[in-house]
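Protein sequence lines, in the order shown, are assigned to chains W and A. FYI, in numbering that gives the first Met the number 0 the residues of the first sequence are 0 to 700. FYI, in numbering that gives the first Met the number 0 the residues of the second sequence are 0 to 270. We treat Cβ as the ideally placed atom computed from N, Cα and C, and that holds for glycine. Only a predicted model underlies this, so the values are computations on that prediction, with no experimental measurement involved. So the structure is just underneath, and the comments pick up after that.
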Amino acid sequence: MIRRYLAWRFAGWLLPAAWRLTKALVLAAVALAAAPATLVAAVAVTLAWRRGWPPTRLARAAAACAPMLAVWLAATAVAAGTLAALPAAPYRAWLDMWHAAAAGRPLLAAAVIAPLAIPAGLAAGALAWSRRIRAMESGSSGLSPASAVAFDRRQWRHQVATARARIAAPGSVPLIKGYGSVVAGAVIRTVNHRVGPVASLPYQRMRSHQVVIGATGTGKTTLLLRLWAGFMAAAQQRYAAGQGPRPLLVVLDCKGGADARRIADRARRVLREAGARSTAVWPDEARLSLWDLPPGPLTTTLLDLIEHGTGAAAYYTDVMEALVALAVEAPPGPPRSAQELRDRLDAGWLSLAYAGVGQPADLALIRSSARLLPDIALRYRALFRRLGAGLEGPGGFGDADAWYCILEGTSEPAVAEGQARALTDLLAFFATSGPDREILLAVDEFSAVARRLPIWGLYERARSLGLAVQVSAQSWPGLAGTEDERNRIAAAADGGLWLLRTPYPEPVTALAGQRKLTDTSRRLRRSRVWSEEGQGRTALAPVADPALIRSLDTGQVAYIYRGGVTYIQVKRLIGSPPALPPATAPAPPAAELHPATSAPADPPTASSDGTARSPITPPAWATRAAGPVWPLPSVRAAPSSPAWPPAPEQAPAQADHRPPGLTAFLDAAFGPEPAARPASQHAVTDAPTRADGARETEDSR
Amino acid sequence: MNPADRSPVQPALPEPGRSARARPAAPAGLTGRDAGRLLFVAEMHGVQLDLLAVLMRTSGTSTRTIVSRWQQQRLADTARLSPGAPWVWLTRSGLTACGRPYRAIPPALSRLAHLRAVTAARLALERQPGWRSGGAWWRSERRLSARLGARGGRRDHLPDGEIHWPDDSPAGLAWAGECWAVEAELTRKTAARTTAIMRELLTRTGDYGVPAAEVLVPGLRPRHDRVLYLCSPAARPTVQRARAALAGADAARVEIRLLPESARLSPGDGQ
Numbered sequence: 000m001i002r003r004y005l006a007w008r009f010a011g012w013l014l015p016a017a018w019r020l021t022k023a024l025v026l027a028a029v030a031l032a033a034a035p036a037t038l039v040a041a042v043a044v045t046l047a048w049r050r051g052w053p054p055t056r057l058a059r060a061a062a063a064c065a066p067m068l069a070v071w072l073a074a075t076a077v078a079a080g081t082l083a084a085l086p087a088a089p090y091r092a093w094l095d096m097w098h099a100a101a102a103g104r105p106l107l108a109a110a111v112i113a114p115l116a117i118p119a120g121l122a123a124g125a126l127a128w129s130r131r132i133r134a135m136e137s138g139s140s141g142l143s144p145a146s147a148v149a150f151d152r153r154q155w156r157h158q159v160a161t162a163r164a165r166i167a168a169p170g171s172v173p174l175i176k177g178y179g180s181v182v183a184g185a186v187i188r189t190v191n192h193r194v195g196p197v198a199s200l201p202y203q204r205m206r207s208h209q210v211v212i213g214a215t216g217t218g219k220t221t222l223l224l225r226l227w228a229g230f231m232a233a234a235q236q237r238y239a240a241g242q243g244p245r246p247l248l249v250v251l252d253c254k255g256g257a258d259a260r261r262i263a264d265r266a267r268r269v270l271r272e273a274g275a276r277s278t279a280v281w282p283d284e285a286r287l288s289l290w291d292l293p294p295g296p297l298t299t300t301l302l303d304l305i306e307h308g309t310g311a312a313a314y315y316t317d318v319m320e321a322l323v324a325l326a327v328e329a330p331p332g333p334p335r336s337a338q339e340l341r342d343r344l345d346a347g348w349l350s351l352a353y354a355g356v357g358q359p360a361d362l363a364l365i366r367s368s369a370r371l372l373p374d375i376a377l378r379y380r381a382l383f384r385r386l387g388a389g390l391e392g393p394g395g396f397g398d399a400d401a402w403y404c405i406l407e408g409t410s411e412p413a414v415a416e417g418q419a420r421a422l423t424d425l426l427a428f429f430a431t432s433g434p435d436r437e438i439l440l441a442v443d444e445f446s447a448v449a450r451r452l453p454i455w456g457l458y459e460r461a462r463s464l465g466l467a468v469q470v471s472a473q474s475w476p477g478l479a480g481t482e483d484e485r486n487r488i489a490a491a492a493d494g495g496l497w498l499l500r501t502p503y504p505e506p507v508t509a510l511a512g513q514r515k516l517t518d519t520s521r522r523l524r525r526s527r528v529w530s531e532e533g534q535g536r537t538a539l540a541p542v543a544d545p546a547l548i549r550s551l552d553t554g555q556v557a558y559i560y561r562g563g564v565t566y567i568q569v570k571r572l573i574g575s576p577p578a579l580p581p582a583t584a585p586a587p588p589a590a591e592l593h594p595a596t597s598a599p600a601d602p603p604t605a606s607s608d609g610t611a612r613s614p615i616t617p618p619a620w621a622t623r624a625a626g627p628v629w630p631l632p633s634v635r636a637a638p639s640s641p642a643w644p645p646a647p648e649q650a651p652a653q654a655d656h657r658p659p660g661l662t663a664f665l666d667a668a669f670g671p672e673p674a675a676r677p678a679s680q681h682a683v684t685d686a687p688t689r690a691d692g693a694r695e696t697e698d699s700r
Numbered sequence: 000m001n002p003a004d005r006s007p008v009q010p011a012l013p014e015p016g017r018s019a020r021a022r023p024a025a026p027a028g029l030t031g032r033d034a035g036r037l038l039f040v041a042e043m044h045g046v047q048l049d050l051l052a053v054l055m056r057t058s059g060t061s062t063r064t065i066v067s068r069w070q071q072q073r074l075a076d077t078a079r080l081s082p083g084a085p086w087v088w089l090t091r092s093g094l095t096a097c098g099r100p101y102r103a104i105p106p107a108l109s110r111l112a113h114l115r116a117v118t119a120a121r122l123a124l125e126r127q128p129g130w131r132s133g134g135a136w137w138r139s140e141r142r143l144s145a146r147l148g149a150r151g152g153r154r155d156h157l158p159d160g161e162i163h164w165p166d167d168s169p170a171g172l173a174w175a176g177e178c179w180a181v182e183a184e185l186t187r188k189t190a191a192r193t194t195a196i197m198r199e200l201l202t203r204t205g206d207y208g209v210p211a212a213e214v215l216v217p218g219l220r221p222r223h224d225r226v227l228y229l230c231s232p233a234a235r236p237t238v239q240r241a242r243a244a245l246a247g248a249d250a251a252r253v254e255i256r257l258l259p260e261s262a263r264l265s266p267g268d269g270q
C-alpha cells in the first residue's frame, strides 16, 4: 500500500516534470533551428529590457522591416522566374544559410537570412517581451513574490536612463514638431497613452486649460518655460501660415522677488528664440493702463480691488459702489488716472459734474453720501499707492507677444491679490474687445493670489473669450482655498494635468481613474518555488501611481489626460543669447526682427478671415528693452559694407572696407599699421614692467 | 581753449535712462579746465604726471603746481607707484565733485602699465584734429565696469575704452555715427583667446550692463563698428594672427596699430 502510494506520488511528480522537460527541449530545438531569428529576438529583448522599451517599439520595428521583406521576396521571385518559388523561399534561405555557415562563410550566411530573420526575430522578441511584462504585471511570473516589484523598479530605472539620454542628445527633442505639436520632453513610461520616444501635445491642447502642480525644486519652472515657449512657437507658426491669430502669452508670477526677475529674464530669452518678438516685464519695464477699461468694467474692477466686509459693512459697500459708479460714469467721461478718480470722489466735484445733466436721484445720493466720500477717496488713495504705477499706463496687452507680470505675492500678498484681479480683468476685457489673439494666461504660484482671484470663474468663461488658462501651484491644497474650488479647477483642466513630485498627489491621481489589471496569486511550495496552482482575478489599479509620483526626480513629470498618464523627462530650454546668423546667409533687415528699429513686420498680411492685419507700433519700453540701452546714433552709416552682415566672400582687403580718411586718421595718431616687426624697437617695451620689476601680465587685469 | 581741455568734458553727458541728478557744486578755486582734467583722471583711474602734462599742455612744473592745488583741496592724491613720474588719482571728494560713482582707491600696481598704455592711446587720439572736429568722446573702461557692476556680474569682456563718434558732427567724417572699441594689448595672450575677444566685441549688440538677453540680438547692428587694437611689439604678432583667424568681413573691422612711445612704463619717463 505504501509502495503504491509512493509510486503514485512519484508518477505525479514525474509526469509534469517530463512534460516541462519535453516542452523545454522542443523550444530549444526550435530556437536552435531558427538560430538567426532567435539571435535577433534575444538581442531585441535584451535591448528592450536594458533600455526600458515597451513591446510596441519592437513590434513597430518589425513592421518597419516589411519593405525589406517584400523586396527580398520580389527579388527571389524575379530570380526564380516564377511566383511558385515564394512559398519555399524561406526554407531555401534557411538551408542556404546553414550551408554557408558550414562552409565557414558566416557573413554570407547572415546576409542570406537577414531579410527573413530580422523581422521574424523582432516580432518574436516583441511577443516574448510583451508576455514577460504581462506576466510580471499580473504576478504570474518571477522567482519570488517580490520579483514583480523589483522588475517594475528596474524597468523604471532603465526607462529613466533612456529618456535622459534622449534629452541629452542634441536635436532629439525639438520644441515643436509636425502640425504644431508642442514637445515637452522624452517619454519615460506611458499608461493608456500612445507610446512614442517624445511626448508631444497637440496645439489645441495648449489652447485648453491646464493645471501644473509641483513642489519647489522639482523642475516646475523648467516645464512651464517649455510649455510657454512651445505655445509661442506653435502659435507663431500657425500665425505665419495664416491659420490663426497672433499669440499672446500672459504670465502672472505671483511669487515675486528677485527670483521672479531671473525667471522673467530667462523667459524672455526662451520666448525670443521661440518667436516672440517682444516680451514685456510688468511692472519693471512696462505698464498697463487700468483706465483703458470702459466705464462699466472699470467700476466693477475698482470695486473688486477693495476688500469688502459682510453684514453691516455691506451697506457701506453698496454706497461705495454707487458713488464709484457716479465718479466713473460722470458726464466728462471715465477717469484717466488714479489721481483723477480720487479728485472725483469729492462731493463738490460730483455735484458740479451732475448739475443739470444728472438724474435727481444721483444728486440726492451725492448729497446724502457726502460725508462718506472722503473715506472712500482715502481707501482708493491707499489702494493705488500700494498697487504702484504699473497700472497707470500707458500700455496694453496688445503691445507685446508676451507679458511677464511680476506680482509680489510673497512680500505683499494683499497688493498681489489686487494686481492679479486688475490684470485678469484687463485681460478679459482685451480678449473680448481687443484684436483677435490666441491667449494663454499662465498663473504661476497661484496660491499667493487664490483668495481674491476667482480663477475658476475665468476658467468657465474663458472658452468663449478665446483664452486658455494654465494654473500652477506647489501643492494640491495650494491650488485654491476650498476643496470645492480645487476640484472645479482640476475638473475644468481639459488640457491635462501636469504633476511633478509632490507629497500629496492622491486627489490628482484620482482624476486619472483606474484601470483593470489581472492579479494572480500562486501557492508557494515548501521548497520556496512556485507550485502550478494559483488564482487570477481582475483588480482595479490607479492609472497614475501616487507612490511613483512621490518619488519622481527633478525634471520628471506625470502628464494626466483622459484617463491615461505619460511620465516625461522634461527637456530644459537653454535661453542663451543666440549666435548671430552666419555670414553666408544674409540676415533680414533688423526692422523685420525686432521692434527696436522700427514697427514689426507681420509675416502674413491678412488674417485667416481675410481681413488685413494692421501693424503694431512698438511701445517705448519695447524699444528700450530690446535694443541697446546706450544711445548709439539713430542713423548710422553701414559699418563696413552695404550689406549687413557682410558676405564672407568679400575679400579681406581691409582698405576697401575702411571709410575714406580713417587710415590717415589712425596713421596720424599711431603710425601705419605694422606689417612686420618694426625695425626700431623703441615704440614701446616688449614687456612692460611693474614697479617691482616683475613682468606685467594681462591676466592680472 | 585747446582741444585737450575740452574733450574730456564731453563724456560728462548723463547716461540715458538715469535721472539727471544734481551734480555737487565744484569746490572753490577750481576752473573749468580743472573740471575737465579731473574728469579725465577720474575716468582713467590714475594718470602719471608726465601724461597729465601732455593733457594739460603745460610744463612739468606747472602740472605739479596744479596737482598740488588739487591735493590741498583734497580732490586728488599722488604717489610714486612705479618708476617714472608720480601717479595722480582722485580721492573720494574728487570723485564726488566729478559726480562719478567709482571707488576712490589708488591704481593697483598690476594695472599701472595697462593704465598708462590706455591713457597714452587716448591722448594720442585726442591730439588729432579729426577727434575734435568729429565731436568724438571716450567712454572709459572704468565707466563700462561701473555699468556692468550694477548688473551684479562681470561675465562680459570689457574693452579698454569706447570711442563714440556722433553722427551729426559738422566735420562730415566718413565714420561719423560709429562706435569703436579700443583694446590696449601689452602682453601676448593665445591667438585663440584674442580671436574670441575680437569676435565678442565685433558681434555684441547690446550695451554693457544690459540683461544677458540683450547682449546678442540677431538682426541688430553690432555695437562696435570697429575694434582698434593698440599693441606692443611683443603682442602684435598674436593680435595679427587672431585677426587673420576671423572671417574676412570681421577682420576688416579690426584695426591694429602699435602703441605710441609714451605708452611705455619705464624709468625716466617725464623726468
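For Trp164(A) and Cys178(A), what's the separation of their Cα atoms in angstroms?
6 Å
Ala52(A) versus Leu74(A), Thr118(A) and Leu111(A), residue with shortest Cα-Cα distance
Thr118(A)
Beta-carbon proximity of Asp252(W) to Ile405(W), cut-off 8 Å:
yes
Express the C-alpha separation of Leu121(W) and Arg130(W) in angstroms, rounding to a whole number.
14 Å
Please confirm whether Gly223(A) and Ala180(A) have their CB atoms less than 8 Å apart.
For the record, residue 223(A) in the displayed sequence is His; it is not Gly. Taking 8 Å as the Cβ cut-off, His223(A) and Ala180(A) qualify as a contacting pair.
Where DSSP assigns a beta bridge to Tyr558(W), which residues make up the other side?
Trp497(W) and Thr565(W)
With a threshold of 16 other CB atoms inside 10 Å of the CB of Ala104(A), please say whether the residue is buried or exposed.
Checking the sequence shown, residue 104(A) turns out to be Ile, not Ala. Exposed.
Between the region 26-55 of chain A and chain W, which residues of the former have a C-beta closer than 7 Å to a C-beta of the latter?
none
Using 10 angstroms around the beta-carbon of Arg73(A), count the other beta-carbons present and answer buried if the total reaches 16, otherwise exposed.
exposed
Segment limits, alpha helix (DSSP H) that includes Leu37(A)
Gly31 to Met43
Whose CA, out of Gly535(W), Pro86(W) and Val182(W), lies closest to the CA of Gly229(W)?
Val182(W)
Can you check the region 305-338 of chain W for any beta strand (DSSP E) of at least 3 residues that lies completely inside it and give the ranges in chain order?
none
Does the CB of Glu254(A) have a neighbour CB from chain W at under 8 Å?
yes
So Met197(A) packs on Ala243(A), CB below 8 Å; how close in whole Å?
Not a contact, Cβ separation roughly 11 Å.
Could you pull the start and end residues of the beta strand (DSSP E) that Lys515(W) belongs to?
Gln513 to Leu523
Beta carbon proximity, Gly129(A) to chain W, threshold 8 Å:
yes
Verify whether the separation of the beta carbon atoms of Gly138(W) and Thr553(W) is less than 8 Å.
no
Quick one: what does DSSP say Asp666(W) is sitting in, helix, strand or coil?
helix
In chain order, what residues of the same chain lie with their CB nearer than 7 Å to the CB of Val44(W), ignoring the 5 residues before and after it?
Gly124, Ala127 and Trp128
Give me the chain A residues within the contact set of Pro659(W), using Cβ-Cβ distance strictly less than 7 Å, ordered along the chain.
Ala173
Does the beta carbon of Arg235(A) come closer than 8 Å to any beta carbon on chain W?
yes
Length at least 4, wholly inside the region 4-82 of chain W: the alpha helix (DSSP H) runs in chain order:
34-50, 54-63 and 65-79
Mark Gln534(W) as exposed unless 16 or more other C-beta atoms lie within 10 angstroms of its C-beta, in which case mark it buried.
exposed
Local conformation of His163(A) per DSSP, three classes:
strand
Taking a contact to mean a Cβ-Cβ separation below 8 Å, would you say Gln158(W) touches Arg188(W) in this structure?
yes
Pick helix, strand or coil for Trp155(W), following the three-state DSSP scheme.
helix
Thinking C-alpha only, which one of Ala84(W), Met96(W) and Ala10(W) is nearest Ala36(W)?
Met96(W)
Less than 8 Å between the C-beta atoms of Leu115(W) and Pro89(W), yes or no?
yes
Collapsed DSSP secondary structure at Pro246(W) in the structure displayed:
strand
Minimum Cβ-Cβ distance from Ala667(W) to chain A less than 8 Å
yes
For Asp552(W), the three-state DSSP class (helix, strand or coil):
coil
Cross-chain neighbours of Leu124(A) in chain W, by beta carbon under 8 Å:
Ala668
When you compare the region 548-563 of chain W with the region 478-487 of chain W, are there three or more beta-carbon pairs, one atom per stretch, that lie closer than 8 Å?
no
Leaving out five residues on either side along the sequence, give the residues of the same chain with a beta carbon under 7 Å from the beta carbon of Arg341(W).
Ala376, Tyr379 and Arg380
Would you verify that the beta carbon of Pro282(W) is, or is not, closer than 8 Å to some beta carbon of chain A?
no
Pull up the CB-CB distance for Ser368(W) and Val318(W), whole angstroms please, since I reckon it's below 8 Å.
5 Å
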